[in-house]
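For reference, the structure is listed below as structure tokens.
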């Protein structure tokens with residue numbers, strides 16, 4: 001087996017997808033940073049959701065290995081936030097990222113819930129756009145993330 | 001809360017979808033909505049566009065096709081208003097991908113928007129480009145992006161930086177253009193620009209050696225200062241997470257330092273102080289702090305040796321491992337796997353804790369811990385660790401038993417100090433988790449048992465005892481009945497007792513009971529029943545006193561619904577019946593000792609290339625291929641000769657086994673004619689059976705499912721041993737080689753080329769299979785000629801087929817042109833590779849490969865790593 005060098009590892013892309021799923025297992029938001037066909041996505045989402053939702057015990061860790069992804073997930077009320085990353089990504093940092101995402105949405109929607117995301121799907125995507133590009137984190141300041149969105153709201 | 005598309009229709013649609021009780025109902029609503037959207041698109045009213053697209057995004061998220069809306073995205077992007085552009089770009093990123101030709105149409109709009117006077121429009125274009133650009137677009141638009149890295153507004157600079165990471169990844173040649181711009185970003189204060197700038201540098205380092213050298217020389221100190229500044233910075237509410245200032249930036253910086261320090265002692269030296277500071281000063285009671293510590297540990301382990309730091313890193317991992325938080329324990333296990341590489345002893349100290357983690361209620365922790373334990377095993381601790389694992393196997397969850405037993409088997413096989421220990425452990429595993437054990441594992445066990453002649457008696461008695469208790473474990477039953485069939489006389493006569501054994505009394509009838517039980521149990525599968533039938537035939541000779549009873553059991557199988565069982569029962573019955581005298585002949589003697597070396601080579605060759613990127617040694621074998629070792633195991637000796645002439649049979653077999661036997665039929669010229677071979681056998685056995693040619697098809701079927709011989713006369717041959725010498729002498733050398741290696745695409749060629757290496761299946765997906773055959777040119781042991789055969793398994797033609805391969809530094813690779821770049825359905829093309837191994841004899845070949853082709857006009861990319869090359873190439 002080749003020992004993968006540090007440099008080769010860099011070829012990976014970090015965050016590969018972000019999912020928000022309610023506790024019935026319905027997808028509420030899906031953003032992929034790599035191309036999967038519709039069928040692949042449906043299958044993948046189904047498998048991941050089944051795996052994660054089965055781990056309801058609070059004591060269990062927030063990481064699940066699935067195919068060649070690692071899923072980092074965290075539950076907020078009725079909503080699961082799931083982030084698919086490469087094997088080498090810092091899992092704890094992704095957990096922190098999920099929290100930042102939720103805080104950002106909270107700040108905008110005020111105690112964000114499933115319906116906010118459903119009825120303002122495009123806005124949730126705009127926030128994600130400001131936070132992640134091509135699988136990498138762009139911005140970590142909530143104010144900076146939200147300012148273009150608030151600007152648009154004011155314009156209308 | 002007001003949305004730019006609060007047009008009631010979008011909300012209405014979402015509400016009606018939410019109200020759906022069943023999936024069918026939802027499909028109905030979506031179908032109707034899609035029809036409306038299509039109609040609306042045809043009317044071409046620009047005011048409906050953004051609402052249509054917002055709906056399509058929702059429908060797309062639910063997993064329904066939305067391709068008909070792709071052109072709408074382009075129209076929205078081309079429109080002048082910002083809200084339209086924004087939703088258009090979002091749709092572009094969600095609904096399209098870089099493989100679609102529609103995307104080319106957007107290049108021009110992107111170019112205009114990158115030069116737009118409104119910086120928010122520029123931001124949109126950068127974001128879209130960064131997420132989906134193709135190599136072609138990257139080339140076209142790189143100059144714009146390069147310029148934007150120096151834009152006045154930091155929010156544009158950060159997006160331009162990340163956009164550049166995609167561009168250089170798509171077109172590595174462009175990397176040089178970005179080196180200077182990237183290094184200027186490292187001096188910024190804005191966190192967004194810094195984090196993206198660091199990411200760009202990281203990316204450049206991974207694709208360009210000059211960039212790596214440049215950043216190492218010019219930026220290491222600056223990066224260390226930046227890290228120190230944010231580590232020591234005063235409280236910044238905007239970036240503070242649990243007392244750490246911007247942990248995300250910390251982590252990015254540590255990652256980049258890791259690449260710069262790896263392989264460079266000077267750079268590593270420079271960063272020692274700051275790493276020590278981060279490792280000792282970071283608060284570890286919150287997740288954010290632990291995330292930084294975790295990254296810091298990884299960097300310490302990757303940079304050049306600074307032993308005091310490593311002690312620090314190992315201590316942090318030790319603390320993590322004893323943490324109550326499962327997340328922290330998980331990452332500790334993960335990182336300890338990397339730590340083994342440089343400090344095995346330090347990790348061994350935590351062995352007890354790690355073993356406890358194997359028993360954790362959390363499946364993710366168990367899995368990591370099990371991987372780690374298998375790396376910790378060595379000759380000294382194998383017995384103790386195996387005992388712990390097997391003890392746990394008895395009480396573990398059912399769904400964990402498969403992984404656990406596979407790991408135990410591989411540990412036992414690899415480190416077993418003596419045969420009796422190996423057999424004992426395997427018996428325990430089969431008893432506890434026999435139904436999860438893969439075929440190659442119990443095949444290997446039989447091969448070992450066959451070779452341990454002094455343990456035959458001990459083994460058959462131990463198996464007999466085990467099978468009485470664990471009769472539901474299929475693979476245990478198989479091994480047991482095989483052994484009882486072969487060594488039944490040792491069982492009843494207590495031959496070869498070892499000092500450690502308690503004497504048991506087993507009558508001939510008791511032994512037959514076990515076999516009868518296996519053959520009559522309704523849930524025994526075909527293989528087990530077939531093996532039981534063969535065992536009965538053998539026992540009829542070992543236990544003449546109860547041969548009538550055995551005959552009765554065999555006769556009952558005449559009524560089997562399985563044609564093969566029926567036929568064998570008739571034949572075996574006739575042997576027992578009409579040829580009582582041959583019972584004492586060689587026909588039902590013990591099998592000759594199975595050749596361990598051949599089996600191991602065959603087994604290694606049939607392992608599939610591990611394509612997965614996770615570090616897990618693959619033990620799974622595709623069902624079909626697994627039949628191959630079994631064929632060998634049952635000593636099919638001459639059966640390839642018999643199968644070869646019937647090309648339709650061979651094709652069938654090829655289908656079933658998923659291996660290419662095509663050429664073995666072409667080889668038939670080198671082997672004795674079918675008729676002669678059959679006659680020979682029939683002569684020897686002096687029984688009349690139907691002509692083998694008629695039976696090929698049905699019997700080949702059996703080969704794959706049951707592993708019995710694929711020909712009636714061969715079935716007898718299986719039982720007769722040693723193999724009839726006639727066959728061996730009449731078969732030419734090439735033919736014999738063919739026998740041993742029936743799965744090779746071109747065995748005769750190898751046979752003439754000095755030491756032969758078995759061909760491998762280098763890669764297999766649902767559409768494509770790659771086989772490698774090897775030959776060594778005389779005079780240079782370092783060099784290997786590899787002939788790659790690409791086989792299209794799909795019903796479609798692949799065009800623009802290209803195979804690319806990469807090898808580690810100690811190898812050199814030369815690729816000849818392929819025989820064609822078009823791969824017709826079910827057809828194949830070949831390509832020659834020449835590999836020079838500068839570490840010949842020390843390291844085995846490994847290769848990463850990538851295959852690209854067009855299927856129905858769409859680009860397809862498959863990748864994999866090949867590490868199942870035969871040893872010694």
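Chains as they are written, first to last, in UniProt numbering: chain F, 1 to 156; chain H, 1 to 873. The beta-carbon is built from N, C-alpha and C at its ideal position, and this holds for glycine as well. Just so you know, these numbers come straight off a predicted model, no measurement behind them.
What are the partner residues of residue i, as DSSP defines its beta bridges?
i, result
"residue 854(H)", "799(H), 859(H)"
"residue 772(H)", "760(H), 788(H)"
"residue 830(H)", "789(H)"
"residue 19(F)", "30(F), 82(F)"
"residue 39(H)", "Looking at the DSSP assignment, residue 39(H) forms no beta bridge with any residue, so it has no partner."
"residue 815(H)", "833(H)"
"residue 75(F)", "80(F)"
"residue 885(H)", "Absent from the model: residue 885(H). The displayed extent of chain H is 1 to 873, so no value can be given."
Specify the secondary structure class of residue i as computed by DSSP and reduced to three states.
i, result
"residue 470(H)", "coil"
"residue 153(H)", "coil"
"residue 152(F)", "helix"
"residue 825(H)", "coil"
"residue 120(F)", "coil"
"residue 561(H)", "coil"
"residue 873(H)", "coil"
"residue 783(H)", "strand"
"residue 127(H)", "helix"
"residue 66(F)", "strand"
"residue 132(F)", "strand"
"residue 500(H)", "coil"
"residue 353(H)", "helix"
"residue 242(H)", "coil"
"residue 805(H)", "strand"
"residue 849(H)", "strand"
Short of 6 angstroms in beta carbon distance, which residues of its chain neighbour residue i, apart from the five on each side in sequence? Order them along the chain.
i, result
"residue 802(H)", "852"
"residue 489(H)", "542"
"residue 508(H)", "492, 543, 546"
"residue 574(H)", "none"
"residue 219(H)", "183, 186"
"residue 302(H)", "258, 262"
"residue 442(H)", "475, 479"
"residue 799(H)", "822, 854"
"residue 861(H)", "852"
"residue 451(H)", "593, 596"
Tell whether a beta-carbon distance below 8 angstroms holds between residue i and residue j.
i, j, result
"residue 59(H)", "residue 66(H)", "yes"
"residue 456(H)", "residue 496(H)", "yes"
"residue 838(H)", "residue 810(H)", "yes"
"residue 850(H)", "residue 804(H)", "yes"
"residue 428(H)", "residue 390(H)", "yes"
"residue 102(H)", "residue 96(H)", "yes"
"residue 320(H)", "residue 331(H)", "yes"
"residue 228(H)", "residue 300(H)", "no"
"residue 265(H)", "residue 304(H)", "yes"
"residue 53(F)", "residue 44(F)", "no"
Among residues of its own chain, excluding the 5 on either side of residue i, which ones have a beta-carbon nearer than 7 angstroms to its beta-carbon?
i, result
"residue 588(H)", "537, 538, 541, 719"
"residue 306(H)", "268, 272"
"residue 467(H)", "476, 477, 480, 514"
"residue 44(H)", "none"
"residue 875(H)", "The question about residue 875(H) has no answer here: the residues shown for chain H are numbered 1 through 873."
Beta carbon of residue i: closer than 7 angstroms to some heavy atom of the ligand NAD?
i, result
"residue 93(F)", "Only the bare structure without any ligand can be found here, which leaves the ligand NAD out of the picture."
Using 8 angstroms as the Cβ pair cut-off and three pairs as the minimum, do the region 155-172 of chain H and the region 136-153 of chain F touch?
yes
Using a Cβ distance threshold of 8 angstroms, determine whether the region 367-385 of chain H contacts the region 328-339 of chain H, with at least three qualifying pairs required.
yes
Evaluate contact between the region 94-101 of chain F and the region 29-43 of chain F, counting only Cβ atoms and requiring at least three cross-stretch pairs below 8 angstroms.
no
If you pair each beta-carbon of the region 244-253 of chain H with each one of the region 82-94 of chain F, do three or more pairs fall below 8 angstroms?
yes
Touching or not, the region 227-239 of chain H and the region 207-217 of chain H, by the rule of three or more beta carbon pairs under 8 angstroms?
no
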